[in-house]
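Notes for the one structure printed next.
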Amino acid sequence: MRKAYVWAGIAAVLFAIVSLLIRFEGISGFDSGIISTVQGWENAGLTRVMEALSWFGSTMVVIVIAIVILLFLAFVLGHRMELLFFISALAGSSLLNHLLKDFFQRERPNIHRLVEETGYSFPSGHSMAAFALYGAFVYLLWKRVKSGRGRALLVALGAILVVGIGISRIYLGVHYPSDVAGGYLASWVWLGLMIEVFRKLAPAAFRK
């Protein structure tokens, strides 16, 4: 079994656990504790930073960044299979988010919101979009970076951005921490599956 399948399976199990805890209200203490801590940092400067981070996970920004990456893959590198992989990762993650939100129908937190959002809360759409977009891009770059330091830097930068976007959603009062965690895990499952599917479809392009 390949590593991506293993990690996707682990993420699926963890997502199921989080979902059950939410369903049976066994995670409220975890959510409340983290919300209290994160929102306790509030100040005007940090709020601007968090709004900027949240912006990087918003639908329009994700679409614009995705288009830029798609154009680069298509016309600069000419990598058709990687182009298809990237589209599948993003589109599938977005569709999965809508399906999961409609299934769970969890209401958003309604205490101390700094911005207004509509729609259901679980799993976080910003978190899923960020994980899919930046995760897929880091994966594609990873295959071309040969040095250990370069790969570590890639992963670190991607992780900082994705985690920062997730924290911003908690700070701004529009998501529970479990929404963010669920978003990461759901997108992780999908991205892992797409990596393995495309390794089978185009082993030369997607070799480790």
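Heads up: the sequence shown is residues 63 to 270, going by our numbering.
We put the beta carbon where it would ideally sit given N, CA and C, even for glycine.
Item	Value
Among the residues of its own chain, which have a CB less than 7 Å from the CB of residue 243, if the five just before and after it don't count?	80
Going by alpha carbons, who is nearest to residue 240 out of 263, 184, 212 and 214?	184
Label residue 22 either buried or exposed according to how many other C-beta atoms from any shown protein chain fall within 10 Å of its C-beta, with 16 as the threshold for buried.	Within the shown structure, residues of the chain are numbered from 63 to 270, placing residue 22 beyond reach of any answer.
Near residue 88, which residues of its chain fall below 8 Å by C-beta distance, leaving aside the five closest residues on each side in sequence?	82
With a threshold of 16 other CB atoms inside 10 Å of the CB of residue 63, please say whether the residue is buried or exposed.	Here the model assigns residue 63 a pLDDT of 43, short of 50, so the residue's position is not dependable and the matter cannot be decided.
Determine the extent of the alpha helix (DSSP H) in which residue 147 is found, giving its start and end residues.	142–166
Please state whether DSSP places residue 180 in a helix, a strand or coil.	coil
From which residue to which residue does the alpha helix (DSSP H) around residue 70 run?	65–85
What are the boundary residues of the alpha helix (DSSP H) that includes residue 258?	239–263
Flag residue 100 as yes when its Cβ comes closer than 8 Å to any non-hydrogen atom of the ligand ATP, and as no otherwise.	With respect to the ligand ATP, the structure offers nothing, as it holds no ligand at all.
By a C-beta neighbour count over all protein chains shown, 10 Å radius and 16 as the cutoff for buried, is residue 173 buried or exposed?	exposed
Can you tell me whether residue 207 is helix, strand or coil according to DSSP?	coil
Would you grab the beta carbon distance between residue 254 and residue 73 for me? Rounded to a whole angstrom, and I think it's under 8 Å.	7 Å
Going by C-alpha to C-alpha distance, which of 70, 246, 208 and 85 sits closest to residue 226?	246
So what's residue 117 in DSSP terms, helix, strand or just coil?	helix
My assumption, with CB atoms under 8 Å, is that residue 200 sits in contact with residue 70. Please give the rounded CB distance.	The Cβ separation is near 16 Å, so there is no contact.
Starting from residue 98, follow the alpha helix (DSSP H) in both directions and report where the run begins and ends.	90–101
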